[in-house]
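Numbering-wise (the working numbering), the sequence shown opens with residue 27 and increments by one.
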Amino acid sequence: MSDDIEKALDWLGRPIACSDCPHQDRLADGRCEPLRACVHDRYAKRVERFFQWNGDLAGEHLDHPYFEVRANAARVAPIFLLPRLTEDPDETVRAVAARRLPRRLLLKLRDDPDREVRIAVAVRLEDADLAPLMRDPDYSVRLRVARRVPEGMLPAMMHDEDPEIRLEVARRIGLEWLMSMAWDDSSRVRLEVVKRLPPEKLGALVKDPDWCVRFVVASRAAPDDLEPLTHDPVEEVRSVARQRWTGQTAANDLIPD
Numbered sequence: 027m028s029d030d031i032e033k034a035l036d037w038l039g040r041p042i043a044c045s046d047c048p049h050q051d052r053l054a055d056g057r058c059e060p061l062r063a064c065v066h067d068r069y070a071k072r073v074e075r076f077f078q079w080n081g082d083l084a085g086e087h088l089d090h091p092y093f094e095v096r097a098n099a100a101r102v103a104p105i106f107l108l109p110r111l112t113e114d115p116d117e118t119v120r121a122v123a124a125r126r127l128p129r130r131l132l133l134k135l136r137d138d139p140d141r142e143v144r145i146a147v148a149v150r151l152e153d154a155d156l157a158p159l160m161r162d163p164d165y166s167v168r169l170r171v172a173r174r175v176p177e178g179m180l181p182a183m184m185h186d187e188d189p190e191i192r193l194e195v196a197r198r199i200g201l202e203w204l205m206s207m208a209w210d211d212s213s214r215v216r217l218e219v220v221k222r223l224p225p226e227k228l229g230a231l232v233k234d235p236d237w238c239v240r241f242v243v244a245s246r247a248a249p250d251d252l253e254p255l256t257h258d259p260v261e262e263v264r265s266v267a268r269q270r271w272t273g274q275t276a277a278n279d280l281i282p283d
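Right, dumping it as structure tokens:
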């Protein structure tokens, strides 16, 4: 540990004296310990440990001037004391509150100025409550929304500006919408699309500009759509297309007239 962490200093850099602490009775009971579990220490892990050992004191520290104390107290304080923390000046505290508050209070935090708070909200809200976050300015928030919204809401995110979001949409969107993403600008999105589309719909993608997409098409498309791919400029695509095409032709030759 560094010299800084080995010192018992409060959040203002002042030495900590157990004799001045209103909770010094906890020391004798082994419920706090200098350099290990102390509510006055500026080191967050020691503050966290203090409230793990003394959860009954958490509610008394939700207005402490040091944000680490408020944040760690909020993790274990009675939930009915947390609503006022939605207005806390520190985003860490608001994010902790967002992970515990009931849904009706989470709605207020959808417009929080900090993305970590909105992420915490996005992983807890469900269904239509997530709709406003589908257009959140932050990619990380929208990604979590794309992973959680009901399938029926995903078409609204098909044209998100970020390809990673569209990729997540392509993984989950209903098949009736999937073809609409077959011409996405991102080859990774198109690759996910051709992995999921029914074989009979893959013929429209035999000329995709990305050879990896064409390879999957050649591997999955209906045999009647394979002929153009038997002349593909990429050997791997030609090979799988010709193998399947030849096999289909041979099978047709065995069918009696």
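Using N, Cα and C, we set each Cβ at its ideal position, and we do this for glycine too. No experiment lies behind these values; they were computed from the predicted model shown.
Is the Cβ-Cβ distance between residue i and residue j less than 8 Å?
| i | j | result |
| --- | --- | --- |
| Ala208 | Ile191 | no |
| Val263 | Trp237 | yes |
| Val232 | Asp250 | no |
| Leu193 | Val215 | yes |
Can you name the start and end residues of the alpha helix (DSSP H) that residue i belongs to?
| i | result |
| --- | --- |
| Leu132 | Arg129 to Leu132 |
| Lys71 | Ala70 to Trp79 |
| Phe93 | Phe93 to Val102 |
| Ser166 | Tyr165 to Arg174 |
| Ile145 | Arg141 to Ala148 |
Grab me the residues of residue i's own chain with a C-beta within less than 6 Å of its C-beta, minus the 5 sequence neighbours each way, in chain order.
| i | result |
| --- | --- |
| Ala97 | Thr118, Val119 and Val122 |
| Trp79 | Arg57 and Ala63 |
| Val149 | Arg170 |
| Leu280 | Any answer about Leu280 is weak, because its pLDDT of 38 lies below 50 and its placement is not dependable; what the coordinates show is given next. Excluding positions up to five away in sequence, the list is empty. |
| Tyr92 | Trp37 |
| Leu156 | Val171 and Val175 |
| Asp114 | Arg120 |
| Glu32 | none |
| Arg168 | Asp162 and Ile191 |
So, for residue i: in the same chain, excluding its five sequence neighbours on each side, which residues have a beta-carbon less than 7 Å away from its beta-carbon?
| i | result |
| --- | --- |
| His185 | none |
| Lys227 | Met205 |
| Cys44 | Gln50, Leu53 and Pro60 |
Suppose the cutoff is 8 Å on Cβ atoms and the five residues either side in sequence are ignored; what does the same chain contact list for residue i look like?
| i | result |
| --- | --- |
| Pro211 | Looking at the sequence provided, one finds Asp at residue 211 rather than Pro. Same-chain partners within the cutoff: Pro189. |
| Leu35 | Pro41, Ile42, Asp67 and Arg68 |
| Asp116 | Phe93, Arg96 and Ala97 |
| Arg72 | Leu61, Arg62, Ala63 and Cys64 |
| Asp46 | none |
Exposed or buried, what is residue i when buried is set at 16 or more other beta-carbons lying within 10 Å of its beta-carbon?
| i | result |
| --- | --- |
| Ala154 | exposed |
| Phe106 | exposed |
| Leu201 | exposed |
| Glu152 | exposed |
query: Which residue spans inside the segment 189-223 form an unbroken beta strand (DSSP E) run of at least 3?
result: Counting whole runs of 3 or more residues, the segment 189-223 contains no beta strand (DSSP E) stretch at all.
query: Mind pulling the beta strand (DSSP E) runs of 3 or more residues that sit fully within the segment 223-254?
result: none
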